[in-house]
Amino acid sequence: KTKRQTAASITARKGGEPIVGLTAYDAPTAALLDPHCDLILVGDSVGMVVHGLPSTVGVTMEMMILHGQAVMRGAAQSLVVVDMPFGSYESDPRQAFANASRLLIETGAGAVKIEAGTYTAEIISFLTERGIPVMGHVGLRPQSSNVTGGFKAVGRSDEEWRQVLAEAEAADRAGAFALVVEGVDELLARNITESVEAPTIGIGASSACDGQILVTPDMLGLFDWTPKFVRKFGNLRSDITSAVEAYAEAVRDRRFPGDEEVYRLRRN
Ligand code: KIV
Ligand code: NA
6 KTKRQTAASI
16 TARKGGEPIV
26 GLTAYDAPTA
36 ALLDPHCDLI
46 LVGDSVGMVV
56 HGLPSTVGVT
66 MEMMILHGQA
76 VMRGAAQSLV
86 VVDMPFGSYE
96 SDPRQAFANA
106 SRLLIETGAG
116 AVKIEAGTYT
126 AEIISFLTER
136 GIPVMGHVGL
146 RPQSSNVTGG
156 FKAVGRSDEE
166 WRQVLAEAEA
176 ADRAGAFALV
186 VEGVDELLAR
196 NITESVEAPT
206 IGIGASSACD
216 GQILVTPDML
226 GLFDWTPKFV
236 RKFGNLRSDI
246 TSAVEAYAEA
256 VRDRRFPGDE
266 EVYRLRRN
């Protein structure tokens, strides 16, 4: 039985062999990913890819706790990180601590993640000093989509560039154990990775980062549409479609259930 990764063991990977991350939302999927990952994120992407919400803004603490508990039952050796949902940490450090501690206590996960504008530095240090490892998330921050107008890569203007770099440096100085960098120009990703002590975990942020993460249903090919940065390593969409078609046809033709699939309890 291998020892579970910790926030500290992830931090120690800076500049070394790339950190492998994926998201999970349920126990059986987490169990399948676990042997191959260093880090499993219970992302608030659960709202979109599992619950069918239009953005991550509608995700609640209760959803994160329920999915966090399920993932912890499936993952034995990866560090499990749970996203703090929109509205659960932004207003002040005490609110953030109350909710982050609930996530760790009720799920058993090892760390939380927050979308880190520069203003969240205070929150990150408050939590870290009180025993809660925090991963920051900079660049494209989906919880801000109502302000930014959608999900767009960032780093076009000098101002955006400076802003994202400032977010990353602020989170790093505040003690974030790692930083997700999402949807940024390749050079900006390199610039951030070289400027911070924390390992960077990229999603749409080039191979310059210290690790990578993807939304698992995206990389498994569950959806027609995915962002530019997703590579489909699988084809779940057509696998599921052909399985369901075959099942429906077998039921209609009375080929399912077959001889092997029935109970004959009173026959010898
Ligand atoms: O919610 C999520 O899945 C994430 C990853 C995209 C990093 O935050
Ligand atoms: Na997220």
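Taken in order, the sequence shown gives residues 6 to 273; the numbers are from the UniProt record's numbering.
We put the beta carbon where it would ideally sit given N, CA and C, even for glycine.
### Query
Is there at least one non-hydrogen atom of the ligand KIV closer than 8 Å to the beta-carbon of HIS142?
At least one heavy atom of the ligand KIV is nearer than 8 Å to the Cβ of HIS142, so yes.
### Task
My understanding is that GLN217 touches PRO23, with C-beta atoms under 8 Å, so please give their C-beta distance in whole angstroms.
Indeed, because the Cβ distance is near 6 Å, the residues count as touching under 8 Å.
### Message
From the DSSP secondary-structure annotation, give me the bridge partner or partners of LYS118.
### Response
Residue pairing by DSSP puts LYS118 in a beta bridge opposite ASP88 and MET140.
### Query
So the beta strand (DSSP E) VAL47 belongs to, where does it begin and stop?
Looking at the DSSP string, the run of the beta strand (DSSP E) that includes VAL47 is 44–47.
### Message
Less than 8 Å separating the Cβ of LYS233 from some heavy atom of the ligand KIV?
### Response
Distances taken from the Cβ of LYS233 to the heavy atoms of the ligand KIV include none shorter than 8 Å.
### Query
Measuring CA to CA, which of GLY21, GLY57 and GLN10 is closest to LEU46?
Here the closest residue by C-alpha is GLN10.
### Task
Say yes only if the C-beta of ASP88 is nearer than 8 Å to one or more non-hydrogen atoms of the ligand NA, and no if none qualify.
For the ligand NA, at least one heavy atom lies less than 8 Å from the Cβ of ASP88.
### Message
Suppose the cutoff is 8 Å on Cβ atoms and the five residues either side in sequence are ignored; what does the same chain contact list for GLY180 look like?
### Response
Apart from sequence neighbours up to five positions away, the residues of its chain that approach GLY180 with a beta-carbon distance below 8 Å are ILE129, SER130, THR133, GLU134 and VAL139, ordered along the chain.
### Message
So for THR198, helix, strand or coil by DSSP?
### Response
Here DSSP, grouped into helix, strand and coil, assigns THR198 to helix.
### Query
Starting from VAL54 and walking both ways along the alpha helix (DSSP H), at which residues does that stretch end?
In the DSSP assignment, VAL54 falls within the alpha helix (DSSP H) that extends over 51–54.
### Task
Tell me whether ASP43 counts as near the ligand ATP, meaning its Cβ is closer than 8 Å to at least one heavy atom of that ligand.
The ligand ATP is absent from the structure shown, which contains only the ligand KIV and the ligand NA.
### Query
Quick one, which of SER162, LEU44 and PRO222 has its alpha-carbon nearest GLN82's?
The shortest C-alpha separation from GLN82 is found at LEU44.
### Query
Regarding SER50 and the ligand NA, is the C-beta to nearest heavy atom distance less than 8 Å?
Yes - the ligand NA has a heavy atom lying nearer than 8 Å to the Cβ of SER50.
### Touching by the beta-carbon criterion (3+ pairs, under 8 Å), the region 95–111 and the region 149–168
With fewer than three CB-CB distances shorter than 8 Å, the region 95–111 does not count as touching the region 149–168.
#### Entry: Buried/exposed call for ALA126, threshold 16 Cβ in 10 Å
If you draw a 10 Å sphere on the C-beta of ALA126, you find 16 or more other C-beta atoms in it, and that means buried.
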